[in-house]
Structures are given as structure tokens and as C-alpha cells.
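This report concerns only the one structure given below.
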Amino acid sequence: MATRIRLTRRESNNTPLPYTASPLYLFWSDICLAIQYAWALPWIVLPLRLGRTSSLDELHLSLQGAISVITQLFLAVFQLLFLLCLPILAFVPIPVPWALAFIAVSLTFNYTVTMLILNGFQRVLESKAPVIEQPWHQKERWLYINGVANGHFWVQNNIDQLSYTFGRKILGIHNRTGGILFDLVECLIQRGFSYATGDIRRAYVLIKGALLDSSVEKVVLVLHSQGGIEGGLIIDWLLDELPQDLLHQLEVYTFGNAANHFNNPLRSCRASGLSGLSTRRSISYIEHYANSNDPVSWLGILRFASIPNRYLGRLFVRPGSGHLMNQHYLDNMFTLGPDKRVLDSNPFMDMTVDVPLALISQNVRGLSRATGTLNEPAEEDLFPVPTPATALQNGKVQNGQGDEELHVKDFSRLWQYRNGGSPDR
Numbered sequence: 012m013a014t015r016i017r018l019t020r021r022e023s024n025n026t027p028l029p030y031t032a033s034p035l036y037l038f039w040s041d042i043c044l045a046i047q048y049a050w051a052l053p054w055i056v057l058p059l060r061l062g063r064t065s066s067l068d069e070l071h072l073s074l075q076g077a078i079s080v081i082t083q084l085f086l087a088v089f090q091l092l093f094l095l096c097l098p099i100l101a102f103v104p105i106p107v108p109w110a111l112a113f114i115a116v117s118l119t120f121n122y123t124v125t126m127l128i129l130n131g132f133q134r135v136l137e138s139k140a141p142v143i144e145q146p147w148h149q150k151e152r153w154l155y156i157n158g159v160a161n162g163h164f165w166v167q168n169n170i171d172q173l174s175y176t177f178g179r180k181i182l183g184i185h186n187r188t189g190g191i192l193f194d195l196v197e198c199l200i201q202r203g204f205s206y207a208t209g210d211i212r213r214a215y216v217l218i219k220g221a222l223l224d225s226s227v228e229k230v231v232l233v234l235h236s237q238g239g240i241e242g243g244l245i246i247d248w249l250l251d252e253l254p255q256d257l258l259h260q261l262e263v264y265t266f267g268n269a270a271n272h273f274n275n276p277l278r279s280c281r282a283s284g285l286s287g288l289s290t291r292r293s294i295s296y297i298e299h300y301a302n303s304n305d306p307v308s309w310l311g312i313l314r315f316a317s318i319p320n321r322y323l324g325r326l327f328v329r330p331g332s333g334h335l336m337n338q339h340y341l342d343n344m345f346t347l348g349p350d351k352r353v354l355d356s357n358p359f360m361d362m363t364v365d366v367p368l369a370l371i372s373q374n375v376r377g378l379s380r381a382t383g384t385l386n387e388p389a390e391e392d393l394f395p396v397p398t399p400a401t402a403l404q405n406g407k408v409q410n411g412q413g414d415e416e417l418h419v420k421d422f423s424r425l426w427q428y429r430n431g432g433s434p435d436r
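Per our numbering, residue 12 is the first one in the sequence shown, and the count goes up by one each step.
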């Protein structure tokens, strides 16, 4: 019997957004939250499934992968000892020059190790997967921002798997790792103080440039983990600077999002006069994907998504653990076959969605009467992504197989992009 999930609506109102509180308060709150869930850190890499990993998975047994894991473990121990020494330096009578020298040498050593072994000096990476692009792909730009503890090798694997999955060239903006503990500190600073690090500023320039490029009709931003924090800050900047018609070319898809907010305001405060047609938002589509037992998602999207107006976008939650982009998210949600093409079926996308068909039919009929098309549903509407496979027949929603039963894949716009496809064609 197929697994069933319940589709629910997240209500919106004008409640002030708590992420605008005192930065110091937010910073302290995040520290307490991280300590509260510290026991669940092993779930970030579980399940391991070492015997079933592909060559692109983070924990696949390879020389470069082993070097990445061993280096991160070494840095975790080194950084923990360094952080434990800081209170000692504050209370033990050690000459200030010696204390400063200790801190400087430690940070320099950490930077040298991460840059030479993990990161390299290339900030922007391009996918190397041999994909055959369609003509309309030339008018699209796909960009990816990675999460914590990702060196050059893992980011390259991420964008290569994304390229195989969606049949397009992917540009990766490397959010450089400083080691897992220092990355966590950076996340707390970015979330609490809205601090833009170098990779955020670099990504902002690239994304804004793509939106301003007259030859580009669509910009797709894929975010993972800490990349969700950075992407959220970039979106805040874009909302400040770009006109609505350019922002509407942007689509955002996140995995294991660690951000504490995700903005997407309404394009107009005036209610639409069209029956069944919700007021559109600035960014055309936002979708979030999370594993239910992913500790990073607990600290991010799964904690804040229920707060009205805090996390805009459609949320998909998969029962399971793990936080790694390829091994735990893409492998389970967009499973590749031996030919590196996404399979038409997987347990997550085949999960049955429990939603009243009368509500779906009403929404689809209203949208069809109002616009003459099934394109561009508002994110609050509870009906499937409109494609030729999801049609309205005799007043009922059909999933393309003569079946009124709907699945997760029927509601996922990102799923329509698999293997070079497009929901707009």
C-alpha cells in the first residue's frame, strides 16, 4: 500500500516577522538552539549506506572523498580545542601579546589547511557532466550555492549530479568551508546579524547579472543547507533593488534549508478581482525540500516554516534522516538510474497526497476560467503543478494515468525539470 501524506495549507497574515528582532538576541537564541539539538549531529550523515553509494555521493569510498572526511574530522577536533582555549585565555593571566599570537597562529593554520586541502582558490565552478542541452536551455541560468563543510571536491560532485538530474549546465558558487565548527559559527553570525560574507556578495553579483541579462528568460537558484541562509539574504537584497518583472524570472529551490526566514512579498496589496486566482508574489516559484529527521532542517525550515509570513514557498517533507545533498536528498528525491537519467518513479515522489479533490478541482477550474491556462499557480493554492500530465477532465483532476489519486510528484514543479524537461513546455 502506498504511503499517504496529508496536504495542508500554511495560512498567511500580517504578523511582524520575528527575525527582525535584536541581532544579539537572535544570535544567543541560535546558540541555545544548536546546543539543544547537538545530540542529533550524527543524523546529519546517517544513514551511511556505504555499500550503495554512487561515485558522486559525499561518502563514496574514494581517495579524494577520504581526504575530505579525514580533514574535516581533524579540523573538528582542532577547532573544538581552540574554542575551549578561548575562555582560558580570558581568565588566566597570560600576556596579551602571547594570547593574540596564539589566536593568530591557530586561525592562520586553519585557513591554510582548508584552502590547500579542501577549498582550492576557485570561487565559481562549472558542472562537467556531459549533458545534451535543449535549445530553450540557452535562455536559462542555473546556479547552486552549497552548504556547510563542503570543499571543492564535494561541490563539484553536487553540481555534476544536479546537471545529470536536470539536463542542464549548472554554475556552482562555492561557499568555502572553514571546518565544520567554524562553519557553524559563521551560520550563527549570518542568521543573527544578516552578515554578508564574500561568497554571498559574489553570488549576489552573479544572480543579479543573470536577471539583468536581456538574453535570459529564467534564473533558477538551487540552495542547500547554509546556502539557504545565503540565498535568503541575497533575495532580501534583490527585493530591494530589482523591479518586479525581473524578479518574476527567478525560481528558487532549497534542500535542508538552514535559514531562519525566506521572503517573497506579494506583488500588490490589492486583492485580485478574479475568482480563484490568488495575488501573485514577487518571485514566481519557491519550493523547499527537507528530510523530517535532518537536524539542520530542525534548526532551519522545519522550525520556522509554521510561523506566518516567515517562510514563503511550498514545503515538501520526506520521512527520513540525513543532510548530505547528493547522498540524502537528490538520491532519494530525484533518483538517477544507471544511465544517469532520473527514474520516473521513487518512493518519495510516489507518496500519495491526501487532499480533498473537490478543493483541487475548484482551484483548477477557477484558475482555468480566469487565465485560460493552468500556468503559474500561487504557492498558497493546493492544486498540482499544471502540466499536460495533470489535467482537468469532467470536473475532476486526472494525473495523466486516468487516476484521481495524486502524488508528491504532481505538486513538485522542480520534478518537471528532470532530464532536461520544463513545466512551461
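The C-beta atom is built at its ideal place from N, Cα and C for all residues, glycine as well.
- Contact annotation: glutamate 241 and threonine 188 have beta-carbon atoms that are not nearer than 9 Å.
- In this structure, glycine 162 sits away from glycine 183, with a CB-CB distance that is not shorter than 9 Å.
- Ranked by Cα distance from tyrosine 30, the first of Pro98, Asp68, Met336, Leu199 is Leu199.
- The criterion of a C-beta distance shorter than 9 Å is not satisfied by tyrosine 175 and phenylalanine 266.
- Between alanine 87 and glycine 190 a beta carbon distance of about 7 Å is seen, short of the 8 Å cut, so the two are scored as contacting.
- In this structure, alanine 221 lies away from valine 233, with their beta-carbon atoms at least 9 Å apart.
- Distance from the CA atom of arginine 352 to the CA atom of serine 279, rounded to whole angstroms, is 40 Å.
- Non-local C-beta neighbours of serine 303 in its own chain, meaning closer than 7 Å and more than five positions away in sequence, comprise Val328, Arg329, Pro330, Gly331, ordered along the chain.
- Taking C-beta atoms as the reference points, phenylalanine 359 and arginine 429 fail to come closer than 9 Å.
- When C-beta atoms of the segment 132-141 are compared with those of the segment 106-113, fewer than three pairs fall below 8 Å, so the two segments do not count as touching.
- Straight across, the Cα-Cα distance linking glycine 178 with glycine 432 is about 8 Å.
- The beta carbons of asparagine 274 and aspartate 256 sit no closer together than 9 Å.
- Between the beta-carbon of alanine 269 and that of serine 236 there is about 5 Å, and that keeps the pair under the 8 Å contact cut.
- Counting other Cβ atoms within 10 Å of its Cβ, glycine 239 reaches 16 or more and is therefore classed as buried.
- Within the DSSP secondary-structure output, threonine 265 pairs in a beta bridge with Leu234, His299.
- Isoleucine 105: not part of any alpha helix (DSSP H); DSSP gives it neither H nor E.
- In this structure, the straight-line span from the alpha carbon of valine 107 to that of leucine 217 is close to 43 Å.
- With fewer than 16 neighbouring CB atoms inside 10 Å of its own CB, valine 135 falls in the exposed class.
- Excluding five sequence positions before and after phenylalanine 315, the CB atoms of its chain that fall closer than 6 Å to its own CB belong to Asn271, Arg321, Tyr322, given in chain order.
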